[in-house]
Amino acid sequence: MSKNFFVGVCCLGGGTVQCLSLLADSVDLGMAQAQIQQQQQKGNQSADFGPDSGGRIKGLTIVKPLIYGNVARYFGKKREEDGHTHEWTVYVKPYNNEDMSNYVKQIHFKLHESYADQNRMLTAPPYEVTETGWGEFEIVIKIYFHDPNERPVSCWSITSAVLLTLMST
(Lines of atoms letter the chains of each structure in order from A and count residues from 1; the text may use other names and numbers.)
(Lines give C-alpha, C1' and ligand atoms only; values in the text may rest on other atoms or scores of the structure.)
Protein backbone atom coordinates (compact mmCIF):
# COMPACT_ATOMS: atom_id res chain seq x y z
CA MET A 1 0.00 0.00 0.00
CA SER A 2 1.36 3.41 -0.89
CA LYS A 3 0.92 6.51 1.21
CA ASN A 4 1.17 9.84 -0.57
CA PHE A 5 0.87 13.41 0.58
CA PHE A 6 0.72 17.06 -0.38
CA VAL A 7 1.43 19.90 2.04
CA GLY A 8 1.16 23.65 1.62
CA VAL A 9 1.52 26.48 4.10
CA CYS A 10 -1.69 28.41 4.66
CA CYS A 11 -3.01 30.22 2.70
CA LEU A 12 -3.27 30.97 -1.07
CA GLY A 13 -1.57 27.88 -2.45
CA GLY A 14 1.12 25.30 -1.96
CA GLY A 15 4.29 26.68 -0.46
CA THR A 16 3.13 30.25 0.22
CA VAL A 17 2.86 31.87 3.62
CA GLN A 18 -0.15 33.82 4.87
CA CYS A 19 0.48 35.86 8.02
CA LEU A 20 -2.59 36.05 10.20
CA SER A 21 -2.97 39.25 12.20
CA LEU A 22 -5.12 38.28 15.18
CA LEU A 23 -6.56 39.90 18.28
CA ALA A 24 -3.54 40.13 20.57
CA ASP A 25 -5.18 39.18 23.86
CA SER A 26 -6.65 35.97 22.45
CA VAL A 27 -3.44 34.60 20.93
CA ASP A 28 -0.24 35.37 22.79
CA LEU A 29 -0.69 37.19 26.08
CA GLY A 30 3.03 37.36 26.82
CA MET A 31 3.81 39.06 23.53
CA ALA A 32 0.86 41.43 23.88
CA GLN A 33 1.82 42.32 27.46
CA ALA A 34 5.39 43.07 26.40
CA GLN A 35 4.09 45.35 23.64
CA ILE A 36 1.79 47.16 26.08
CA GLN A 37 4.68 47.65 28.52
CA GLN A 38 6.82 49.10 25.73
CA GLN A 39 4.04 51.50 24.81
CA GLN A 40 3.60 52.50 28.47
CA GLN A 41 7.32 53.21 28.79
CA LYS A 42 7.09 55.46 25.76
CA GLY A 43 4.22 57.28 27.43
CA ASN A 44 1.71 56.89 24.60
CA GLN A 45 -0.49 54.03 25.81
CA SER A 46 -3.76 55.92 25.29
CA ALA A 47 -2.86 56.88 21.72
CA ASP A 48 -2.14 53.31 20.62
CA PHE A 49 -4.49 51.28 22.80
CA GLY A 50 -7.58 53.36 23.43
CA PRO A 51 -11.33 52.83 23.73
CA ASP A 52 -11.83 52.90 19.95
CA SER A 53 -9.12 50.32 19.19
CA GLY A 54 -11.44 47.30 19.37
CA GLY A 55 -8.95 45.52 21.63
CA ARG A 56 -6.12 45.84 19.12
CA ILE A 57 -2.69 47.29 19.71
CA LYS A 58 -1.38 49.57 16.98
CA GLY A 59 1.72 48.19 15.33
CA LEU A 60 1.42 44.71 16.86
CA THR A 61 1.09 41.82 14.43
CA ILE A 62 0.94 38.24 15.61
CA VAL A 63 1.90 35.66 13.00
CA LYS A 64 0.42 32.15 13.14
CA PRO A 65 1.58 30.00 10.21
CA LEU A 66 -0.76 27.11 9.47
CA ILE A 67 -0.12 23.98 7.42
CA TYR A 68 -2.85 22.55 5.21
CA GLY A 69 -2.82 19.63 2.85
CA ASN A 70 -3.91 16.07 2.31
CA VAL A 71 -2.64 12.51 2.47
CA ALA A 72 -3.94 9.52 0.52
CA ARG A 73 -3.52 5.77 0.82
CA TYR A 74 -4.08 3.46 -2.14
CA PHE A 75 -6.22 0.38 -1.36
CA GLY A 76 -4.27 -1.78 -3.82
CA LYS A 77 -7.29 -2.24 -6.10
CA LYS A 78 -10.68 -0.76 -6.84
CA ARG A 79 -13.34 -1.60 -4.25
CA GLU A 80 -16.25 -3.58 -5.68
CA GLU A 81 -19.03 -1.84 -3.71
CA ASP A 82 -18.30 1.77 -4.73
CA GLY A 83 -15.32 1.82 -7.11
CA HIS A 84 -13.17 3.79 -4.66
CA THR A 85 -9.41 3.32 -4.86
CA HIS A 86 -8.03 5.55 -2.08
CA GLU A 87 -8.65 6.71 1.46
CA TRP A 88 -7.71 10.37 1.89
CA THR A 89 -7.52 12.92 4.68
CA VAL A 90 -7.49 16.70 4.25
CA TYR A 91 -6.30 18.74 7.23
CA VAL A 92 -5.31 22.08 8.74
CA LYS A 93 -2.83 22.10 11.59
CA PRO A 94 -0.55 24.58 13.34
CA TYR A 95 3.03 24.83 12.14
CA ASN A 96 4.37 24.77 15.72
CA ASN A 97 1.98 22.11 17.12
CA GLU A 98 0.21 24.64 19.35
CA ASP A 99 -3.46 24.67 20.31
CA MET A 100 -5.18 26.48 17.42
CA SER A 101 -8.53 26.51 19.24
CA ASN A 102 -7.33 29.62 21.11
CA TYR A 103 -7.79 31.68 17.96
CA VAL A 104 -9.62 29.40 15.46
CA LYS A 105 -13.38 29.25 15.99
CA GLN A 106 -14.15 26.72 13.26
CA ILE A 107 -12.87 25.37 9.96
CA HIS A 108 -15.18 24.68 7.03
CA PHE A 109 -14.14 22.00 4.53
CA LYS A 110 -16.26 22.08 1.36
CA LEU A 111 -15.99 18.75 -0.43
CA HIS A 112 -17.19 17.72 -3.89
CA GLU A 113 -20.98 17.69 -4.26
CA SER A 114 -20.97 13.91 -4.76
CA TYR A 115 -20.31 13.44 -1.03
CA ALA A 116 -23.45 13.08 1.10
CA ASP A 117 -22.41 15.83 3.52
CA GLN A 118 -20.23 18.09 1.39
CA ASN A 119 -19.99 20.87 4.02
CA ARG A 120 -17.96 19.79 7.04
CA MET A 121 -17.72 22.31 9.90
CA LEU A 122 -15.17 21.41 12.58
CA THR A 123 -15.08 23.38 15.82
CA ALA A 124 -12.33 21.49 17.65
CA PRO A 125 -9.04 19.80 16.79
CA PRO A 126 -8.09 17.72 14.99
CA TYR A 127 -9.21 19.81 12.04
CA GLU A 128 -9.31 17.04 9.44
CA VAL A 129 -11.75 15.12 7.26
CA THR A 130 -11.18 11.53 6.14
CA GLU A 131 -13.12 9.93 3.28
CA THR A 132 -12.64 7.48 0.42
CA GLY A 133 -12.82 8.16 -3.29
CA TRP A 134 -11.40 7.50 -6.73
CA GLY A 135 -10.86 10.87 -8.43
CA GLU A 136 -9.59 14.39 -8.07
CA PHE A 137 -11.41 17.50 -6.89
CA GLU A 138 -10.75 20.83 -5.23
CA ILE A 139 -11.56 21.26 -1.55
CA VAL A 140 -12.20 24.78 -0.28
CA ILE A 141 -11.00 25.31 3.29
CA LYS A 142 -12.32 28.35 5.15
CA ILE A 143 -10.88 29.26 8.55
CA TYR A 144 -13.03 31.33 10.93
CA PHE A 145 -11.55 33.12 13.95
CA HIS A 146 -12.90 33.86 17.42
CA ASP A 147 -12.13 37.54 16.87
CA PRO A 148 -15.14 38.95 14.98
CA ASN A 149 -12.89 41.66 13.51
CA GLU A 150 -10.89 39.05 11.59
CA ARG A 151 -12.24 37.98 8.23
CA PRO A 152 -12.26 34.28 7.40
CA VAL A 153 -9.27 33.01 5.42
CA SER A 154 -9.78 30.64 2.47
CA CYS A 155 -7.38 27.97 1.19
CA TRP A 156 -7.71 25.42 -1.59
CA SER A 157 -6.41 21.88 -1.64
CA ILE A 158 -6.71 19.42 -4.50
CA THR A 159 -7.48 15.94 -3.27
CA SER A 160 -6.39 13.59 -5.96
CA ALA A 161 -5.62 9.90 -6.00
CA VAL A 162 -3.82 10.35 -9.35
CA LEU A 163 -1.95 13.53 -8.37
CA LEU A 164 -0.86 12.11 -5.03
CA THR A 165 0.41 8.88 -6.55
CA LEU A 166 2.47 10.79 -9.14
CA MET A 167 3.98 13.07 -6.49
CA SER A 168 5.41 10.14 -4.52
CA THR A 169 7.42 8.69 -7.42
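In short: position in the sequence shown from 1, add 1, done, that's this note's numbering. Cβ atoms here follow ideal geometry from the backbone N, Cα and C, with glycine treated the same way.
Would residue i pass as a contact of residue j if the rule is Cβ separation under 7 Å?
| i | j | result |
| --- | --- | --- |
| H147 | K94 | no |
| V91 | I140 | yes |
| F110 | R121 | yes |
| Y96 | P127 | no |
For residue i, which residues does DSSP report across the bridge?
| i | result |
| --- | --- |
| F110 | R121, I142 |
| T133 | E88 |
| Y171 | The structure shown does not extend to residue 171, since the chain spans only 2 to 170, so no value can be given for it. |
| S102 | Answer is none; S102 lacks a bridge partner. |
| S155 | K143 |
In whole angstroms, what separates the C-alpha of residue i from that of residue j?
| i | j | result |
| --- | --- | --- |
| A125 | S115 | 25 Å |
| R152 | V64 | 15 Å |
| H85 | W135 | 5 Å |
| T131 | G70 | 12 Å |
| E99 | E129 | 16 Å |
| K79 | L61 | 53 Å |
| L189 | V154 | Coverage of the chain is limited to positions 2 through 170, which leaves residue 189 absent and any answer about it impossible. |
| N150 | Q119 | 28 Å |
| K59 | Y104 | 19 Å |
| D83 | I68 | 31 Å |
Going along the chain, which residues of its own chain have a beta-carbon closer than 6 Å to the beta-carbon of residue i, five neighbours each way excluded?
| i | result |
| --- | --- |
| E88 | R74, T133 |
| I108 | V93, L123, Y128, I144 |
| H113 | F138 |
Looking only at its chain, what residues have a beta carbon closer than 8 Å to the beta carbon of residue i, apart from the 5 residues adjacent to it on each side?
| i | result |
| --- | --- |
| W157 | G14, E139, I140, V141, I142 |
Report all residues from its chain with a CB closer than 7 Å to the CB of residue i; omit the five preceding and five following residues, and keep chain order.
| i | result |
| --- | --- |
| S102 | A125, P126 |
| A117 | none |
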